[in-house]
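Per full-length UniProt numbering, the sequence shown starts with residue 1, numbered consecutively. Taking it in order: structure first as structure tokens, then the write-up.
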Amino acid sequence: MSALMDINMAMQLLQPNVSSDHERGLETQQAAVKIHLAIMNDRPEELADLLRSHAGHDAVNTVLGPGLPSSPLGRATALGNLVCVTQLLAGGASTETPDVKGRTPLLVATASAQEAVALELLAHGARTDGSPANNSRPLLLAAQAGHLDLARALLAAGASPDVQPKRPDWPLGLREQPSRGPLHLAVAYDNWPVFKVLLQAGADPDYNCSGFAPEARSSRSKPLLGACTSRGRTECYGRLLLAAGASPYWSDSSVCGDLGDGGTARVVLEARRECTSSFEPNNNLS
């Protein structure tokens, strides 16, 4: 009989205390709301007190939903509040907690050009490739917006200069479409300083392409030289791409013909003539 009572008592001890767990969850939610309010009202002293509490420590990485769609660190990052960002990181905030849109704090910092905050996040080990839940990447945003210092910081922290956006499984066939890398975005938005930094960091000048001869082209290829000529970019883009090893044949000849009087198209045509002359029999004789 006593053995049976001992077993019953042991089973009761193993059962979770539902009311206690519920109360703890409410305390965490309340602490999360208070933390957000302290950040929004720029009250670092109040934030420090909250982070020292047990409930505040549990709430530091909490994303509550539509009302509070980001973690406290995401909120401080969006506001550009470096003091609060530093406090949250010291209090155990994760640099990788995404908001309801799948954006990490580093992606938010890059999108809002918060350079000091981004550097602080990178110093605490933030991943440069963002979150799998969002198709964008910090370096793509920096290249598009022309944030030179942010691009340099991301590359120094290990970001690939050829990073690709994450592609969803739908719609059908989207994965077969060519992607736009940082170089493409720098060309599209005419961000010459970022363009140079990307090539200096080893970006592929023939991104999305393979082969050398014109017949090696495919409908899926979206060459950078072609983008430069079609957008009428100045010849410095083409010269730098060719100097980095781009093939002059990765550009639509009809576009080059239309724009052959200047800009990148003229540089491409000159490079093609040089390639052709280098293979003439008389030039190959010693």
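We treat Cβ as the ideally placed atom computed from N, Cα and C, and that holds for glycine.
Q) What separation, rounded to the nearest whole angstrom, lies between the Cα atoms of L150 and D42? A) Counted from its first residue, the sequence shown places residue 150 at position 150. Counted from its first residue, the sequence shown places residue 42 at position 42. Roughly 25 Å separates the two Cα atoms.
ask   = For A216, which residues of its own chain have a beta-carbon under 6 Å away from its beta-carbon, when the five flanking residues on both sides are left out?
value = As a first step, residue 216 must be located in the sequence shown, where it is residue number 216. Reliability of the predicted coordinates at A216 is poor, the pLDDT of 43 falling under 50, and the value obtained from them is presented with this limitation in mind. In its chain, beyond the 5 residues on either side, no residue has a beta carbon closer than 6 Å to the beta carbon of A216.
Check your understanding: Does the beta-carbon distance from L148 to H184 come in below 9 Å?
Key -> Reading the sequence shown from its first residue, position 148 is the one you call residue 148. Reading the sequence shown from its first residue, position 184 is the one you call residue 184. No, the Cβ-Cβ distance between L148 and H184 is not below 9 Å.
Exercise. To which residues of the same chain is L51 closer than 6 Å at the C-beta, ignoring the five residues directly before and after it?
Worked result: If you number the sequence shown from 1, residue 51 lands on position 51. Within the same chain, L51 has close Cβ partners G91.
_Just verifying my parser: in three-state terms, what is the DSSP assignment at residue 314?_
Absent from the structure is residue 314, since the part of the chain shown begins at 1 and ends at 286.
| Just how far apart, CA to CA, sit T264 and L199? | Sequence index remark: in the sequence shown, residue 264 carries index 264 (1-based). Sequence index remark: in the sequence shown, residue 199 carries index 199 (1-based). Looking at the two C-alpha atoms, the distance is approximately 17 Å.
Practice problem: Determine the direct distance from the alpha carbon of C228 to that of S131, and round the result to whole angstroms. | Solution: In the sequence shown, residue 131 corresponds to position 131, counting from 1. In the sequence shown, residue 228 corresponds to position 228, counting from 1. When rounded, the distance between both Cα atoms is 30 Å.
At the level of alpha carbons, what is the spacing between L68 and I39?
Within the sequence shown, numbered from 1, the residue matching residue 68 stands at position 68. Within the sequence shown, numbered from 1, the residue matching residue 39 stands at position 39. If I take the Cα positions, the gap works out to 12 Å.
Check: Taking K196 as the reference, which of L240, S112, E27 and A59 has the closest Cα?
Finding: One-based indexing of the sequence shown puts residue 196 at position 196. Shortest Cα-Cα distance from K196 to any of L240, S112, E27 and A59 involves L240.
Within this structure, are the beta carbons of V85 and L121 separated by less than 9 Å? Translated into positions along the sequence shown, residue 85 becomes position 85. Translated into positions along the sequence shown, residue 121 becomes position 121. Contact flag set, yes.
Give the secondary structure of C236 by DSSP, where H, G and I count as helix, E and B as strand, and everything else as coil.
-> Taking the first residue of the sequence shown as 1, we reach residue 236 at position 236. DSSP places C236 in helix when its eight states are reduced to three.
Original post:
W192: which of E45, P165, N208 and Q144 sits nearest, CA to CA?
Top reply: By one-based count along the sequence shown, residue 192 stands at place 192. The candidate whose alpha carbon is nearest that of W192 is Q144.
Can you tell me where the alpha helix (DSSP H) with A59 in it begins and where it stops? Stepping through the sequence shown from its first residue, residue 59 is reached at position 59. H54 to A59 is the span of the alpha helix (DSSP H), which, as asked, contains A59.
- Do you know offhand how far G80's Cα is from S71's? Here the question's residue 80 lines up with position 80 in the sequence shown. Here the question's residue 71 lines up with position 71 in the sequence shown. The alpha-carbon atoms of G80 and S71 are separated by roughly 14 Å.
Option in G65, A113 and L82 with minimal Cα separation from H100: Residue 100 sits at position 100 when you count from the first residue of the sequence shown. Correcting the residue type first, residue 100 is Val in the shown sequence and not His. Cα-wise, what sits closest to V100 is G65.
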